[in-house]
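Engineer: Provided herewith is a single structure, encoded as structure tokens, for subsequent inquiry.
Numbering (our numbering), first residue to last: 63 to 309.
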């Protein structure tokens, strides 16, 4: 009986060790997933910072364009304004154009230009599965907006070019807002999944499956060991009985 108990004790010891190891592996896997989701959220936060900076800068450009548009509309009334007035208006427009150029050249995030056309897309990893999202900025240079060299003193200037530029900027701002909303959704998903992963029932289910499989695999091994011990015990008893005959 003691021999059978020894085998049974060894079985449960190995069983416990196997379960502990498997449980640890599952826990470590869950922690890796949590870290992945948390890193994804950090990347999303950075991307949203890019979009917020971009939107603020484009908002300033919109203000400049609106001012240029208003001056241009006034300048179109040649019956009211003299050539000196037009010169003064153009000087003001030049200042606004320079302001747009400065914003396009100096708007940066982490030393990366966002509005000068040098970088228009950023790829970010958003979750533990390696999913990526593309964050798009805009090219807000005068050339890209179609107003480089805009001059109301020339004979062929057209205020519609300013209207077109404002449409381009408004479109870029709308895109930034849509991207930010999408990232907010992904961030909320990451945070919820991160919080639930370690405590989710799926971890327990995985562990139960491992325990079940281990039990099935070890059950036959235990029975075989018991049979061997019982057979050995029977052989010893038979040997002892035979020896007793000659006593």
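Even glycine gets a Cβ: it sits at the ideal position worked out from N, Cα and C.
Only a predicted model underlies this, so the values are computations on that prediction, with no experimental measurement involved.
Please report the straight-line C-alpha distance between residue 161 and residue 101, rounded to a whole angstrom.
Structural biologist: Approximately 37 Å, taken between the alpha carbons.
Engineer: Any idea what DSSP makes of residue 201, helix, strand or coil?
Structural biologist: Looking at residue 201 - three-state DSSP - the assignment turns out to be strand.
Engineer: Can you check DSSP and say which residues form a bridge with residue 178?
Structural biologist: BP columns for residue 178 point to 201.
Engineer: Could you give the residue range of the beta strand (DSSP E) that holds residue 186?
Structural biologist: Where residue 186 is concerned, the enclosing beta strand (DSSP E) stretches over 183 to 187.
Engineer: Mind checking who residue 196 pairs with in its DSSP beta bridge?
Structural biologist: According to DSSP, which records beta bridges pairwise, residue 196 is partnered with 185.
Engineer: Rounded C-beta distance between residue 197 and residue 120? I'm assuming under 8 Å.
Structural biologist: Going by Cβ atoms, the distance from residue 197 to residue 120 rounds to 15 Å, so no, they are not a contact pair.
Engineer: Helix, strand or coil for residue 99? Go by DSSP, reduced to three states.
Structural biologist: In the structure shown, residue 99 sits in a helix (DSSP, three-state: H, G or I).
Engineer: My assumption, with CB atoms under 8 Å, is that residue 175 sits in contact with residue 169. Please give the rounded CB distance.
Structural biologist: The Cβ separation is near 7 Å, so the contact holds.
Engineer: Counting only runs that start and end within the stretch 216 to 254, where is the beta strand (DSSP E) found for 3 or more residues in a row?
Structural biologist: The stretch 216 to 254 contains no whole beta strand (DSSP E) run of 3 or more residues.
Engineer: Pick from 173, 124, 220, 125: whose alpha carbon is nearest that of residue 136?
Structural biologist: Of 173, 124, 220, 125, the residue nearest in Cα terms is 220.
Engineer: Please state whether the Cβ-Cβ distance between residue 195 and residue 245 is less than 8 Å.
Structural biologist: Yes, the Cβ-Cβ distance between residue 195 and residue 245 is below 8 Å.
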